[in-house]
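Numbering (the UniProt record's numbering) for the sequence shown: 1 to 289.
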Amino acid sequence: MLIMKSSIDQNAEISRLVNIFTDDFSISIPRGVLVESSHFFKAALQSGMSESRSGEFFLSEFSPRQLQHLQHFLSDNDLFTSKVEPLQGEGGESISSDCQMEEQVRRLVEAAFIADYLQMPRFKSKLQTLFQYLIQSLSHPQSPCFSRLHDCNTFTEMVPILSDNRLKCLKKPLLRFIYRYPTVLLDSKFVRFDASQPFLITSVLQTLSSDKIFLYNEDAILNSACEWVEHSLTPPKRRRSGDDNVTEILLSLIQSLRLGLLSPLGLQHLVNLLDGYPQHVAFDATLSY
């Protein structure tokens, strides 16, 4: 009788719902599911902390969409087709894209952030597998994103993966893609970010400086980078971004290139680019050297 009662109590504890919420959204997940799938929740729920006793966890840093991604994973629902809240801009307006791939990349990145925070290895592994399949589809010659048959931000959404350690589970598939197509993330046709975001262009350039990038791509990398700089640092954009950002971008370009591998034409292209920014070159020893 005591054994039966203990078993019933244990089952009740496992199935007891835990409430996970943000300022304006909440989900409820069985305690046993959380303990099994998340090192974070396993430690928290077994520690006797107040949240464990109340069964409520406030995750203020995450969006309703991210909680929904978590719920769908734990319910074995499809990440890409499951219904989630629409993405909202700073003014509260709904942001939607007609590109299915762009939305899928956005969902993967959103989900990877919460999978990292909650220490969920199986979730990370699933996200990596999904991203591998998505990258394969994207790089197909007939892909509307890759062939630019339509306008989208699919590749722009990928750039933070290169520099944010919380997105590490997605990095390996993206690196394989970059090693195959090293200039894509520097091409303004594919990626949109301006000089106010030097850390993004820097992360791309640092990735391209890897020895795993085939050496004959040096001129192509420089040409794409110069095209991006010329496109993104037009005088009006330059004034908005500030001198420090412009200098940082130019430094990133110089430091990422293996200058000895540039052709004479490539070197001249680089000189011509720097000649367009004399005030930045003059005030930085590395650039002027």
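All C-beta atoms, glycine included, are put in the ideal place defined by N, C-alpha and C. Everything numeric in this text was worked out from a predicted model, so none of it was measured.
Inset, instruction - Using beta-carbon positions only, say whether residue 307 and L162 come within less than 9 Å of one another. - result: Residue coverage of the chain in this structure runs from 1 to 289, which leaves residue 307 outside it and unanswerable.
Legend entry - Cβ-based burial, T207 [other Cβ within 10 Å; buried from 16]: buried
Inset, instruction - Measure the C-alpha to C-alpha separation of P64 and F199 and round it to an integer number of angstroms. - result: 27 Å
Inset, instruction - Specify the secondary structure class of P182 as computed by DSSP and reduced to three states. - result: coil
Inset, instruction - Using the Cα positions of Q66 and Q136, report the straight-line distance between them to the nearest angstrom. - result: Going from the Cα of Q66 to the Cα of Q136 covers about 25 Å.
Inset, instruction - Count the C-beta pairs between the stretch 28 to 40 and the stretch 79 to 90 that are closer than 8 Å, then say yes if the count reaches three, no if not. - result: Fewer than three pairs of CB atoms, one per stretch, sit closer than 8 Å, so the stretch 28 to 40 makes no contact with the stretch 79 to 90.
Inset, instruction - With DSSP as the reference, please indicate the residues paired to S26 in a beta bridge. - result: F21
Legend entry - Nearest-angstrom Cα separation, counted from S188 out to E227: 8 Å
Inset, instruction - Under the assumption that I29 contacts L17 (Cβ atoms under 8 Å), give the Cβ distance between them as a whole number of angstroms. - result: 7 Å
Inset, instruction - Give every residue of the same chain whose Cβ lies closer than 6 Å to the Cβ of L70, excluding the five residues on either side of it in the sequence, and list them in chain order. - result: I114
Inset, instruction - Reducing DSSP to helix, strand and coil, say where F190 ends up. - result: In this structure, F190 counts as coil in the three-state DSSP scheme.
Inset, instruction - Output yes or no for whether 9 Å exceeds the beta carbon distance between L251 and L287. - result: yes
Legend entry - Rounded C-alpha distance that separates L138 from C152: 12 Å
Inset, instruction - Going by DSSP, name the residue or residues bridged to F58. - result: F21, per the DSSP bridge assignment.
Inset, instruction - Please work out which residues of its chain come closer than 8 Å, Cβ to Cβ, to L167, disregarding the five sequence neighbours upstream and downstream, and give them in chain order. - result: V109, A112, F113, D116, P160 and I161
Legend entry - alpha helix (DSSP H) runs wholly inside the stretch 101 to 176, at least 4 long, in chain order: 121 to 138
Legend entry - Extent of the continuous alpha helix (DSSP H) run through E85: It is not in any alpha helix (DSSP H) - E85 carries neither H nor E in the DSSP assignment.
Legend entry - Sequence-distant residues of the same chain with beta carbon closer than 8 Å to R148, five excluded per side: K189 and F190
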